[in-house]
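Quick mapping for you: the protein sequence lines, in order, are chains E and A.
All residue numbers for the first sequence refer to full-length UniProt numbering, where the first residue is 1 and numbers rise by one.
All residue numbers for the second sequence refer to full-length UniProt numbering, where the first residue is 1 and numbers rise by one.
Read the structure below first, then the notes.
2 protein chains.
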Amino acid sequence: MKARITVTLKNGVLDPQGKAIEGALGALGFDGVNDVRQGKVIDIELAESDKASAEGKLNDMCEKLLANTVIENYHIDIL
Amino acid sequence: MKARITVTLKNGVLDPQGKAIEGALGALGFDGVNDVRQGKVIDIELAESDKASAEGKLNDMCEKLLANTVIENYHIDIL
Chain E
1 MKARITVTLK
11 NGVLDPQGKA
21 IEGALGALGF
31 DGVNDVRQGK
41 VIDIELAESD
51 KASAEGKLND
61 MCEKLLANTV
71 IENYHIDIL
Chain A
1 MKARITVTLK
11 NGVLDPQGKA
21 IEGALGALGF
31 DGVNDVRQGK
41 VIDIELAESD
51 KASAEGKLND
61 MCEKLLANTV
71 IENYHIDIL
């Protein structure tokens, strides 16, 4: 079973990476860029075949390792 | 206009970050993890209101800055 986990910063948390990209885009001549925020996607392949238990396991993985839940949100998509 | 750009490594390209996550998950006791690959998501807010020209601009941004097209694929979602 394949899943995609998307981890993004919570609203209000400063994103220096996003600001750097925004500045670089401006320097390259791209105007009209109001805001840029960067997150990560983690594609995981599990041996698990049961969707519910896979979801539970992925949730655990996010809570324990993949996301810093103080400043990040995560979203799990079972593909 | 808001868009999400997802940048992932092409198949066959070694992903040390993914391997590190895979190892850490194993160390935390998560079994049955066959493969892990990490990419990035970039959320961009454009002043542009025309969808076609926004898509063209975003494509340019990916080709010039946001993705290393030698080893990475990118996907543009206009939200």
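Note that the Cβ used here is the ideal one computed from N, Cα and C, for glycine as well.
Problem set entry | Nearest residue (CA-CA) to A:A3, options A:N59, A:A27 and A:T69 | Position 3 of the second sequence, counted from the first residue, corresponds to residue 3 of chain A. Looking at the Cα atoms, A:N59 is the closest of the given residues.
Exercise. Does the ligand ADP have even one heavy atom less than 7 Å from the beta-carbon of E:I5?
Worked result: Summarising the ligand content, the structure contains no ligands, and the ligand ADP is consequently not present.
Exercise. Closest to A:P16 by CA distance: which of A:G29, A:V36, A:D31 and A:I44 is it?
Worked result: Taking the second sequence and counting its residues from 1, the one referred to as residue 16 of chain A is at position 16. Ranking the options by Cα distance to A:P16, first place goes to A:V36.
Exercise. Listing by chain order, which chain A residues have their CB less than 8 Å from the CB of E:T8?
Worked result: Residue numbering aside, residue 8 of chain E sits at position 8 when the first sequence is read from its first letter. Within chain A, the residues near E:T8 are V41 and D43.
Exercise. If you draw a straight line from the C-alpha of E:I5 to the C-alpha of E:G29, how long is it?
Worked result: For the purposes of this step, residue 5 of chain E is identified with residue 5 of the first sequence, where counting begins at 1. For the purposes of this step, residue 29 of chain E is identified with residue 29 of the first sequence, where counting begins at 1. Whole-angstrom Cα-Cα distance: 33 Å.
Problem set entry | Spatial neighbours of E:I71 in its chain, beta-carbon cut-off 8 Å, leaving aside the 5 residues before and after | Position 71 of the first sequence holds residue 71 of chain E. For E:I71, where only same-chain residues beyond five positions count, the Cβ hits under 8 Å are L9, K10 and V13.
Problem set entry | Interface residues of the stretch 9-31 of chain E facing chain A [CB-CB below 7 Å] | I21, A24, L25, L28 and F30
For this session: Name, going along the chain, the residues of the stretch 46-79 of chain E whose beta-carbon falls closer than 8 Å to a beta-carbon of chain A.
Result: L46, A47, E48, K57, D60, M61, K64, L65 and L66
Exercise. Would residue 89 of chain A pass as a contact of E:G39 if the rule is Cβ separation under 8 Å?
Worked result: The question about residue 89 of chain A has no answer here: the residues shown for chain A are numbered 1 through 79.
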